[in-house]
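Heads up: the sequence shown is residues 886 to 1761, going by the working numbering. Before any comments, here is the structure.
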Amino acid sequence: MWSEGYRNGHSPRGLVLAIFAGALAVLVLCPRASGGPTTGIPDRLRLRDTLLSQHEMSAAAIRRSRYHDCGDLRVAIWNYGVVGEWWITRDAPLYWLIFPFKPSYTPAFRGEPISGNYYLNGLASLFGCVRGYDTLVSETSDEFLSYEPVRARSADPLSSEYASGAKAKQEYYVVCSDTLWNVYDEVEPQRYRAIGLEVHQSSYSWDASYSRRFVIVDAWFVNISGGPIEQGTVGIEVNPHIMKGRWNWDEVPLDDPDDICGFIQSLPGVVARIPDTMNLAWAASNDGDPNKSTGRFDILSTTGVLGIRPLRTPPGTCISFNRWGSVGSTSPWVWWSWGPSRQKTPPESFADPWGGGPVGDRNRYKRMTNGEIDYDSPYSAIDYSADGWYPPPQDESLRVWNARGADVMFLLSCGPLPPIAPGDSVSFTYAIVMGADFHTDPRNFADNFRPENPAPYLSRLDFTDLISNARWAEWIFDNPGVDTDSDGYKGPFHVVCAGDGSGCDTIYYRGDGIPDFRGPQPPVGPSCELTTRPHEIIVRWNGATTEYARDPLSRKTDWEGFRVYTSYTTEPDDFTLLASWDRKDFKRFSYRPQFNDWKQSSDPLTVAEWQAALLVPYFDPMQHPLPSFETAYRDSAVDTIRNVQQEIVDIVRHERISYFLPEDANNLNTYVSGGRTETNLIQRVAERDTVVNGKTCTYGVYELVLDNLLDSKPLYFSVTTFDWGDYARSVEPMESAIAAQAAFGFPLYSADVVVDSGLKVSVYPNPYKIRFKDAYGDWTNYVEQGYERPGKGTEEERNRRIWFINLPDTAEINIYSLDGDLIRKILHPDPFLTTYSSVVGWDLISRNTQAVTSGIYIWRVDSRLGKQVGKLVIIK
């Protein structure tokens, strides 16, 4: 499957192998399948009328890739269904002969963008089935081809690939089919047949702080054959081959890999003592590659860990995890591979010249359907026969080699599946996840690893970031507690009740099964009401629906405050911030001696909440505002040390050194700025009570007054809400959309005030002038002054306006020439000429859709207040 021989071309053994393979390809024809196309496979599966060798097929097909690189990862997506593999495959010996030493200059997977470290050599999708007397397995790296490039789109409005239906910052789509009829099967070369599959694969990546370390791949396998697919199985085969970013063979010899891998089935979930199914396969360097000169980790050290987590599998199936590794060589041509096997099936070891895994379709299918979860590779030297496993290899050096670190590979699969009818499909969705700081001690492997007892070594590996990112991938794929298809089901949940009887809470730990591809959201911005009068607009709203809203993922009430924006248009970029009101609260930063830095260690709490949490009645966080040992607050803390199963293995008490910072500006009704007490434009003018989860809670009523406004300039107002983020999951504070619920108003009396007060209709500007002089004597117009097309800067005939104000909610306006001819009739409200109850505009266009000329015009307004008549002048 993988380019092991190509990689080994950098060693003397690999060079010999490359020359041998190339010479063999020149002298011997590539194997061909003798049976031809299978009956029932449609013609669109045939590449040509004449069957080609696989090398010829590879040369003829379009092999193109795009990269997910908007986050912390760089992941290649190929149009023939492979993720991360180099273009060159082991089936192109002529290419090896010509370019035996050429490395990949576009890394397939990069964990740290600065270092360019590699964590994934390649990943391929597999699909197997039983057809008649044959057992078939098609693999995207060998049997699939595509004549279509990778299609791209983006949810980023600033991207050149922006599309309204996109779900991610980078979104790639490929389609390919298993059209290589004559692929060489090492065991049964004359019996290979294509299954008849078309793979539709979409992949997604985001650049938010909580989603920068994973890519989600969603693959659908469609039956395009003429008959049903029986006993199908689907999965992915992963070859990590972790190495430093620089091609330094003295540091990391390619023929002596040192990777370990394992599988995490479940962990404590969001609710204590209730397990959370994880099914997370992982792979890492055994020691993180510390610098050989200094003995410390540096930028080139592979201290991270790769994870693969299935997110969606065919219904009714469970995940199998099978691993193996190339553990040694018995000749210059053969590398022995070994992986654990249950005693219910024959033991497997593989003499494969490429150091790969199960040889032949029958062996691969057996692996994909065995239902096993293999134990982690560091335990490979231990005999688990008593637990139902076959013993490891008898050769002690091979056992130890595999336990210490090898060229590991693993297979995640599920099946057999129910029959798949022609045209039907099955899905397999997974996340490629990166975890940082997996290795924190450069001496851990050397000091603590023992093949007969690897537990002390494993207990010092840190899975925290990997697990956090894997959970984020699941949450973004299918948001917990979100009813995506509006059928009333939000996903499985736990009900947790407080011990004091104060109430119960519903905790959703899975989604509804319908993918969302959406990250955390801020509380929804409140709707606001405008009270208008000449020269003044009052904006009012309340926090009933926002102040106690919970984040759907963290389940925390994380509301922080409100912001008010204004604009002359509805374009988001045109809005200007007027004021901000937020809770007076403080977040804690604690010193980490192992990293010599300060890191946020708490959600923001009010002063009263800090006093209660620290049991210090007079505690003032403002007395500890700096990352300084002299002014820092000191107390004690308890750390729990957990192993890979998240079981507590140690409890350590230590002194905690902290300082405190305000969350946002801490702007209440009044605030201090530059040593002076300022009055906020936003005022919390009242408080009201509501019941949330059985508890009585108080929310605020808010008001902003904006005066000294020009009567003739309407304004849009938007009230947004923002939260404090989630420090534990690296989620930055988020704000609701600015223009989502904008309210519009003129600084004039509203229609109800007009009716109650019996106000007279007024018209402005009157006279209307195309050009006039400003206060400085310079010529200008209404566009330049911001009265027409504000923010657009262009003068167009249909964007001119003469405004009729002080109207009731309904009215009829007729405009006549001095000769009595009807120029225009406007029925208020007019959807094109007004968005406000007491105002309507005339665009200086006649009823014959022509621009009017200069002159004097008569207007008449008929409404329930009676008839009013007046004149207006237009000067062009």
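Ideal Cβ placement from N, Cα and C applies to all residues, glycine included. Fair warning: this is a prediction, and the values are worked out from it, not measured in the lab.
Coarse secondary structure for residue i, derived from DSSP in three states
i: ILE1127; result: coil
i: ASN1333; result: helix
i: PRO1153; result: strand
i: VAL1758; result: strand
i: MET1294; result: strand
i: ILE1698; result: strand
i: THR1451; result: strand
i: ASP1174; result: coil
i: GLU1673; result: coil
i: ALA1736; result: strand
i: ARG1538; result: strand
i: ASN1834; result: Because the chain spans 886 through 1761 in this model, residue 1834 falls outside it and cannot be assessed.
i: PHE1629; result: strand
i: MET1253; result: helix
i: ASN1496; result: First, the amino acid is wrong: residue 1496 is Gln here, not Asn. Reduced to three states, the DSSP call for GLN1496 is helix.
i: PRO1489; result: coil
i: VAL1523; result: strand
i: ILE1711; result: strand
i: VAL1311; result: strand
Beta-ladder partner(s) of residue i, from DSSP
i: LYS1752; result: ASP1747
i: TRP1688; result: TYR1649, GLY1726
i: PHE1545; result: ARG1473
i: ASP1019; result: ARG1016
i: GLN1508; result: Answer is none; GLN1508 lacks a bridge partner.
i: ARG1194; result: ALA1316
i: GLY1210; result: TRP1223, VAL1293
i: SER1603; result: TYR1450
i: GLY956; result: In the DSSP output, where bridge partners are listed per residue, GLY956 has none listed.
i: GLN1086; result: VAL1059, ALA1104
i: LEU1008; result: VAL968, VAL1123
i: GLU1024; result: LEU1011
i: PRO1160; result: PRO1153
i: ASN1427; result: VAL1586
i: LEU1462; result: TYR1450
i: ILE885; result: The chain is shown only over 886 to 1761; residue 885 falls outside these bounds and no answer can be derived.
i: LEU1346; result: DSSP output for LEU1346 lists no bridge partner at all.
Residues of its chain near residue i, where Cβ-Cβ distance is below 7 Å and the 5 sequence neighbours each way are ignored
i: VAL1449; result: VAL1424, LEU1463, ALA1464, ILE1567, LEU1589, PHE1602, VAL1604
i: VAL1616; result: SER1094, TYR1095, PRO1405, GLY1610
i: PRO1407; result: THR1606, PHE1607, ASP1608, MET1619, GLU1620, SER1621
Proximal residues to residue i (C-beta, below 6 Å), its chain only, five neighbours per side dropped
i: ILE1687; result: TYR1653, TRP1727
i: VAL967; result: ALA1009, THR1025, SER1026
i: CYS862; result: Past the edges of the chain, shown from 886 to 1761, lies residue 862, and the structure says nothing about it.
i: ILE1700; result: ILE1708, ARG1709, TYR1742, TRP1744
i: ARG1197; result: SER1312, THR1314
i: ARG1541; result: SER1475, ASP1520, ALA1522
i: VAL1127; result: Note that residue 1127 is Ile in the sequence shown here, rather than Val. Only TYR1004, ASP1144, SER1170, THR1187 meet the Cβ criterion.
i: GLY1256; result: SER1205
Cβ neighbours of residue i in the same chain (closer than 8 Å, five flanking residues each side left out)
i: PRO1693; result: ALA1636, VAL1639, VAL1640, SER1723, SER1748, ARG1749, LEU1750
i: ILE1399; result: ASP1363, THR1369, ASP1370
i: ARG1569; result: TRP1466, LEU1553, ASN1554, GLY1585, VAL1586, TYR1587
i: PHE1323; result: ALA1169, GLY1173, THR1188, GLY1189, VAL1190, LEU1346, ASP1347, PHE1348, ASP1350, LEU1351
i: ASN1333; result: PRO1341, TYR1342, ARG1345
i: SER1781; result: The displayed coordinates of the chain run from 886 to 1761. Any statement about residue 1781 would go beyond what the structure contains.
CB contact check: residue i to chain D, cutoff 9 Å
i: LEU1500; result: Any reference to chain D falls outside this structure, which holds one protein chain only.
Presumed contact (8 Å Cβ cut-off) between residue i and residue j, rounded CB distance
i: THR1455; j: ALA1627; result: 6 Å
i: ASP1103; j: PRO1125; result: In fact, because the Cβ distance is near 22 Å, the residues do not count as touching under 8 Å.
i: LEU1165; j: ALA1355; result: 5 Å
i: ARG1468; j: GLY1446; result: 6 Å
i: CYS1203; j: GLN1055; result: Actually they do not touch by this definition, with Cβ atoms about 31 Å apart.
i: ASP1259; j: GLY1290; result: Not quite, the Cβ-Cβ distance comes to about 16 Å (not below 8 Å), so this is no contact.
i: ARG871; j: GLY1013; result: Nothing about residue 871 can be read from this structure; the chain reaches only from 886 to 1761.
i: TRP1444; j: ALA1434; result: 6 Å
i: CYS1061; j: LEU1030; result: 6 Å
i: PRO1307; j: GLY1117; result: The Cβ separation is near 13 Å, so there is no contact.
Any non-hydrogen atom of the ligand SAH within 8 Å of residue i CB
i: THR1555; result: Because no ligand of any kind appears in the structure shown, any question about the ligand SAH cannot be addressed here.
Where in the stretch 1549-1597 do unbroken runs of the beta strand (DSSP E), each at least 3 residues long, occur, reported from the N-terminal end onward? 1555-1558, 1561-1564, 1567-1577, 1580-1591
Which parts of the stretch 1370-1421 are runs of the alpha helix (DSSP H), unbroken and 4 residues or longer, counting only runs that do not cross its ends? Fully enclosed alpha helix (DSSP H) runs of 4 or longer: not present.
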